[in-house]
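Reviewing the structure listed below.
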Amino acid sequence: MNPTPRKAVLEMAPYHPPTGGRYGKLRLDFNENTVGCSPRVVAFLCEQLNREQLSVYPDYADAKPRLAAHFGVNLDQLLLTNGTDEAIQVLINTYIDDGQEVVILRPSYAMYRFYSELAGARIREVDYVPPKLEFPLEQLLAAITEETRAVLISNPNNPTGVGVGLPQIEKILQRATNAVVLVDEAYFEFSEVTALGLLDRYPNLFVSRTFSKVYGMAAMRIGALFSQASNIEYLHKAQSPYSVNMLAAMAAAEATADQDYIRATVAEVLEARTLLCDGLGKLGISSVPSVANFVLIYAGNRAREIRDALFDRAILVRDRSYEIPGAVRITVGTREQAARILQELECIW
Ligand SMILES: Cc1ncc(COP(=O)(O)O)c(C=O)c1O
0 MNPTPRKAVL EMAPYHPPTG GRYGKLRLDF NENTVGCSPR VVAFLCEQLN REQLSVYPDY
60 ADAKPRLAAH FGVNLDQLLL TNGTDEAIQV LINTYIDDGQ EVVILRPSYA MYRFYSELAG
120 ARIREVDYVP PKLEFPLEQL LAAITEETRA VLISNPNNPT GVGVGLPQIE KILQRATNAV
180 VLVDEAYFEF SEVTALGLLD RYPNLFVSRT FSKVYGMAAM RIGALFSQAS NIEYLHKAQS
240 PYSVNMLAAM AAAEATADQD YIRATVAEVL EARTLLCDGL GKLGISSVPS VANFVLIYAG
300 NRAREIRDAL FDRAILVRDR SYEIPGAVRI TVGTREQAAR ILQELECIW
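Per numbering that gives the first Met the number 0, the very first residue in the sequence shown carries number 0; after that it's consecutive.
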């Protein structure tokens, strides 16, 4: 007889992100950098790569101070992670016991629920309400009680593209006195709102960043988690010492040195987003105002059909109608890519 998994695992719904067959298509489905990372990162890796580098366990002594300086934090306020996903996992593993309450928003990034469920947490969800999908501050504050041990927020939120301001985040931090509060800033570079400046004032605040989005390094799996130094010490205890691979850490440090590339990418995406939203409007397709590098559109009862028709034209988008009726999420890349999807939408809409 096969061994029985933990109850939490038995009860989890499987999560199936498409993981294969995406090369060579116009990838507007995962909010990645649709052009790629800075060429400097690839050149640097090629230069650095040698047999010794690969044979030694990771040494972060060079990369970590460079990254801390880039983010404007002290070295002891930073934890390197294997993507944001590991940041969420380590946070939950450090602070949440079986049966304790975690508050998340719905819809939001799937991994908040995933790691909370895996830990056996009790999940309380607060809804973004369509069609506007504005940040539900009052409902969230009402949901946070003495029992709440974690509040997980994406700012801007995926898949809605909606952001929340710092005064609202402070209200959440002040309300969640018994909880850790994660502000996941995976799309910070597009919205430019960050809670990093609040770190010293709020001992319950944790902020995450990733190199998977504007930095164009999703395959490397690297991110960072920030908090007060004494919290980071606990997180270190709960993290495997070498979960971040050496090449990823080096590449991330190098990537932060090429801010011209990041600024140019952000500028291109913001122009492409305007072009896309204007074009959608002309086609009579309603969309949710976004402060990120993706836009949610409403396709009525044709969400899957639209996704499939675009797939047939080698364009990948994400059907989100299972959580918001009619919703399809489109990543914003370049102006040329925006023009291409608009052209195809005009044919199939
Ligand atoms: C809000 C949010 N956080 C984190 C991630 C994933 O980040 P990483 O690749 O660093 O694990 C995503 C990816 O879609 C996201 O939308």
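Positions of the beta carbon are idealized from the N, C-alpha and C atoms, including for glycine.
Less than 7 Å divides the Cβ of residue 317 from the Cβ of residue 328. Here residue 268 is buried: its Cβ has 16 or more other Cβ atoms, across all protein chains shown, within 10 Å. Taking every residue with its beta carbon within less than 5 Å of a heavy atom belonging to ligand 1 gives, in chain order, 82, 83, 84, 108, 153, 157, 183, 185, 209, 211 and 222. The DSSP-derived three-state label of residue 187 is helix.
In the DSSP assignment, residue 159 falls outside any alpha helix (DSSP H), carrying neither H nor E.
A distance of 7 Å or more separates the beta carbons of residue 103 and residue 114.
The DSSP-derived three-state label of residue 179 is strand. Just so you know, the alpha carbons of residue 36 and residue 3 end up roughly 43 Å apart. Scanning its chain for C-beta atoms nearer than 7 Å, with the 5 sequence neighbours on each side dropped, one finds around residue 83 the residues 183, 185, 207, 209 and 222, in chain order. Put simply, the backbone Cα of residue 188 is about 12 Å away from that of residue 255. If you look at residue 330, you'll find it in the beta strand (DSSP E) that goes 326–330.
In the structure shown, residue 257 adopts coil according to DSSP, grouped into three states.
Ranked by Cα distance from residue 129, the options 171, 238 and 319 are led by 319. Beta-bridge annotation (DSSP): residue 215 is not paired with any residue. Looking at the backbone, the Cα of residue 250 and that of residue 88 are separated by about 23 Å.
Under DSSP, residue 126 shares a beta bridge with 105. Nearest to residue 211 by C-alpha distance, out of 175, 12, 85 and 300, is 85. Annotation for residue 31: 211, 212, 215, 217 and 330 place their beta carbon closer than 8 Å to its own, counting only its chain and skipping 5 residues before and after.
Within the same chain, 278 come within 6 Å of residue 341 by CB-CB distance, once the 5 residues on both sides are set aside. Taken atom to atom, the span from the alpha-carbon of residue 172 to that of residue 154 is near 14 Å.
For residue 72, the closest alpha carbon among the candidates 228, 146 and 282 is that of 228. Taken through DSSP and simplified to helix, strand or coil, residue 37 comes out as coil. The alpha-carbon separation between residue 45 and residue 265 amounts to approximately 26 Å. In this structure, the straight-line span from the alpha carbon of residue 159 to that of residue 29 is close to 13 Å.
Judged by DSSP secondary structure, residue 290 falls outside any beta strand (DSSP E); it is assigned neither H nor E. Considering only 260, 289 and 94, the residue with the shortest C-alpha distance to residue 236 is 94.
Annotation: the continuous beta strand (DSSP E) that includes residue 225 extends over 222–225.
A direct Cα-to-Cα measurement between residue 226 and residue 64 gives close to 16 Å.
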